[in-house]
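K.L.:
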Amino acid sequence: MNNLIQNYKIILKELTNTCKYITTSKQIRLPKMSDLELVALNLTAEYMSINSELQLFRYISGTDLEGRIERSVYNKRKRKLF
23 MNNLIQNYKI ILKELTNTCK YITTSKQIRL PKMSDLELVA LNLTAEYMSI NSELQLFRYI
83 SGTDLEGRIE RSVYNKRKRK LF
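The end of the sequence shown is residue 104 by this note's numbering, with every number in the run present.
(1) Note down the Cα distance separating I33 from L65, rounded to an integer number of angstroms.
(2) Assuming contact is defined by CB atoms lying nearer than 8 Å, are R101 and E75 in contact in what I supplied?
(3) I need the straight-line Cα distance from E36 to M55, nearest angstrom please.
(4) Compare the Cα-Cα distances from K42 to each of E88, A67 and D57 and report the closest residue.
(5) Out of D86, F79 and E68, which has the shortest C-alpha to C-alpha gap to V95?
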């Protein structure tokens, strides 16, 4: 599980350096996780061959990412971005 967070932080750092212009889309509620962070999480899951959303959220449980996004919110925002 620790590898997920380490990989996420590395990918987020690289995305932040290369894609500074990407902003969070306007929503009624201010999201806890930006679009760039969501893309980094999705890329990390793909990189680590985590196939299912359920498996990803099992890895996330018990980490600092757990309280930042819920499964339904993740799924809706991911579909909107990709």
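Positions of the beta carbon are idealized from the N, C-alpha and C atoms, including for glycine. All of these numbers come straight from a predicted model, not from anything done at the bench.
P.N.:
By the coordinates alone:
(1) Separation of I33 and L65 (C-alpha to C-alpha, rounded to the nearest whole angstrom) is 8 Å.
(2) No, the pair does not count as a contact, with Cβ atoms beyond the cut-off.
(3) Approximately 17 Å, taken between the alpha carbons.
(4) Out of E88, A67 and D57, D57 has the C-alpha closest to the C-alpha of K42.
(5) The shortest Cα separation from V95 among D86, F79 and E68 belongs to F79.
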